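I have placed the structure first, in the form of structure tokens, so that the comments after it can refer back to it.
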Amino acid sequence: MVKIRKEKIKIRRIDYLPARQVTFSKRRRGIFKKAEELSILCESEVAVIIFSQTGKLFDFSSSRYRYYCTTSHRLLNSFVIFLA
């Protein structure tokens, strides 16, 4: 049986905008899934905050800190508007 190895990709900016947006969406979901798995497997508290290229905020938090994440979401949105 022959093992097929995946070829490593070079990490660089994706020039084609629709492909970049799709990649961002897929990888964002992947990061949130890994964060959730980490919180469950290790009984740890996890919070992830991601800003898109357009400045939109996406967040994940384990159950204990969900209130803080939604509060910080409002505060960060205010902060981003203030900076713009």
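Using the numbering used here, the first residue of the sequence shown is number 960, and each one after it goes up by one.
The C-beta atom is built at its ideal place from N, Cα and C for all residues, glycine as well.
Every value quoted in this text rests on a predicted model; they were computed, and no experiment measured them.
Beta bridge counterpart(s) of residue i as assigned by DSSP
i: F1017; result: I1009
Inter-residue CB distance, residue i and residue j (contact presumed, cutoff 8 Å)
i: F991; j: V1007; result: 6 Å
i: F1017; j: R987; result: 6 Å
Identity of the residue in the options nearest residue i by Cα
i: S998; options: R971, I968, S1020 and M960; result: S1020
i: I970; options: K962, R979 and R964; result: R979
i: V1005; options: I973, Q1012 and A994; result: A994
Runs of alpha helix (DSSP H) wholly within the segment 973-1007 (minimum 4 residues, chain order):
976-1000
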